[in-house]
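Step one of this worksheet: look at the structure below.
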Amino acid sequence: MTKLALVVGHTKSSPGATAAAPINDSEYRWNKELAEMMLAHAAGMAGVAAKVFQRDGVGVAGAYRQAWEWGAEGSIELHFNAAGPSATGSETLYVTPLSLPLAEAVQDATLTVLGLRDRGVKTSLAASGGRGEQNLMQMGGRPSILTEPFFGSNPADATVARQQKSALARAQLEAAVNVLVNIDAEDHWTVRASALNVRGGPGTDYEKLSWGPLSQGTAVELIGRHDEWAFIRAEAGEGFVHAAFLS
Numbered sequence: 115m116t117k118l119a120l121v122v123g124h125t126k127s128s129p130g131a132t133a134a135a136p137i138n139d140s141e142y143r144w145n146k147e148l149a150e151m152m153l154a155h156a157a158g159m160a161g162v163a164a165k166v167f168q169r170d171g172v173g174v175a176g177a178y179r180q181a182w183e184w185g186a187e188g189s190i191e192l193h194f195n196a197a198g199p200s201a202t203g204s205e206t207l208y209v210t211p212l213s214l215p216l217a218e219a220v221q222d223a224t225l226t227v228l229g230l231r232d233r234g235v236k237t238s239l240a241a242s243g244g245r246g247e248q249n250l251m252q253m254g255g256r257p258s259i260l261t262e263p264f265f266g267s268n269p270a271d272a273t274v275a276r277q278q279k280s281a282l283a284r285a286q287l288e289a290a291v292n293v294l295v296n297i298d299a300e301d302h303w304t305v306r307a308s309a310l311n312v313r314g315g316p317g318t319d320y321e322k323l324s325w326g327p328l329s330q331g332t333a334v335e336l337i338g339r340h341d342e343w344a345f346i347r348a349e350a351g352e353g354f355v356h357a358a359f360l361s
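Numbering (our numbering), first residue to last: 115 to 361.
Structure follows, in structure tokens:
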């Protein structure tokens with residue numbers, strides 16, 4: 115069974131950007147409906163399970179923790195872009211190398227359906243100085259992407275997106291599933307800091323473990339997550355490190 119987590123961007127109380135006519139709706143409401151469409155399509159696919167996760171009341175870390183505990187093999191966080199009325203196009207963000215095939219497949223599917231300008235597949239750092247990086251780090255060694263299929267601030271983009279919403283839901287879902295069934299999503303990461311302290315619990319209040327710090331390039335196995343902290347296994351033992359310094 116291939117499990118895909120569908121994470122709705124934003125929350126009811128902080129709904130994100132509002133799209134122009136004919137959508138006239140927020141990122142949160144638009145993508146909540148898009149996720150439900152994807153869920154309905156998944157119900158008709160053999161060997162596939164999709165589940166919608168929302169950030170309401172639990173935050174980014176809470177939503178992804180629920181997805182992790184459910185056993186999701188990958189995740190898509192649903193958004194749309196906003197800038198000036200002439201900004202246009204589709205882009206997909208990722209952080210980890212393992213997520214790149216998923217990002218490329220979903221981006222290609224999005225372009226096929228919407229036919230908008232190809233803004234590319236980008237790391238969150240390249241796209242917007244790191245916006246969304248913490249979201250995309252939450253799944254550990256499992257593929258995780260953030261989609262921006264169109265600019266809600268552009269009436270032409272919004273018109274196409276509204277017309278093709280059901281087709282977009284199906285295309286993104288099928289593209290994601292086709293990638294996940296062929297990915298061996300191991301939970302192995304590498305330390306990217308020059309020296310990374312290992313602690314006895316998820317926070318700086320916990321003591322540093324004597325077998326740390328870990329040097330840059332050290333391979334670790336991700337066992338679990340606790341908000342921004344990763345519970346890892348290294349050759350010397352197990353402990354907690356800040357997930358932002360793993361890749």
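Think of the CB as a built atom: it goes at the ideal place given N, C-alpha and C, for glycine as much as any other residue.
Please read these numbers as outputs of a predicted model, since none were measured by experiment.
Take residue i as the anchor and find which of the options has the nearest alpha-carbon.
i, options, result
"VAL274", "GLN252, ASN249, LEU225 and LEU294", "LEU225"
"LYS117", "GLY185, THR132, VAL174 and VAL227", "GLY185"
"TRP182", "VAL291, VAL121, GLY203 and ALA270", "VAL121"
"ILE137", "LEU282, SER267, VAL166 and ARG306", "SER267"
"ARG339", "HIS356, GLY326 and ALA348", "HIS356"
"THR358", "THR210, GLU349, SER324 and ARG233", "The sequence shown places Ala at residue 358, not Thr. Comparing Cα-Cα distances from ALA358 to each of THR210, GLU349, SER324 and ARG233, the minimum goes to THR210."
"TYR208", "ARG306, VAL305 and ILE259", "ILE259"
"VAL162", "SER324, ALA290 and PRO327", "ALA290"
"HIS193", "ALA164, SER213, GLN286 and SER200", "GLN286"
"THR125", "ASN145, ASP170 and MET115", "ASP170"
"HIS302", "TYR142, GLY314 and PHE345", "PHE345"
"LEU336", "ALA309, GLU262 and GLN252", "GLN252"
"PRO327", "TRP343, ASP341, GLU342 and PHE354", "PHE354"
By how many angstroms is the C-alpha of residue j removed from the C-alpha of residue i?
i, j, result
"THR332", "TYR320", "22 Å"
"GLU205", "GLN330", "31 Å"
"ALA135", "SER238", "28 Å"
"PRO316", "PRO269", "45 Å"
"LEU294", "ALA133", "31 Å"
"VAL166", "ALA156", "11 Å"
"ARG306", "GLN277", "44 Å"
"LEU323", "SER127", "40 Å"
"ALA223", "THR318", "43 Å"
"ARG313", "THR202", "45 Å"
"MET115", "LEU310", "36 Å"
"LEU214", "ASN195", "20 Å"
"ALA217", "ALA119", "14 Å"
"VAL174", "TRP144", "18 Å"
"TYR178", "GLY123", "12 Å"
"GLN221", "VAL235", "7 Å"
"ALA350", "GLY254", "20 Å"
Mind checking who residue i pairs with in its DSSP beta bridge?
i, result
"GLY351", "ALA348"
"ILE259", "ILE190 and TYR208"
"LYS322", "ARG313"
"LEU336", "ILE346"
"VAL235", "THR206"
"LEU328", "LEU310"
"LEU250", "Paired residue(s): none; LEU250 is not in a bridge."
Would you grab the beta carbon distance between residue i and residue j for me? Rounded to a whole angstrom, and I think it's under 8 Å.
i, j, result
"MET159", "ALA283", "Not really, about 13 Å apart at Cβ, beyond 8 Å."
"LEU153", "LYS279", "With a Cβ gap of about 14 Å, LEU153 and LYS279 do not count as contacting."
Tell me the start and end of each unbroken alpha helix (DSSP H) in the segment 175-231 that is at least 4 residues and wholly inside, in chain order.
Correct list: 214-228.
To test your reading of the DSSP string, which unbroken beta strand (DSSP E) runs of 3 or more residues are found completely within the segment 253-318?
With a minimum length of 3 residues, the continuous beta strand (DSSP E) runs that stay inside the segment 253-318 are 258-262 and 302-304.
Which runs of the beta strand (DSSP E), 3 residues or longer, sit entirely within the segment 115-169?
Qualifying beta strand (DSSP E) stretches, in chain order: 116-122 and 162-168.
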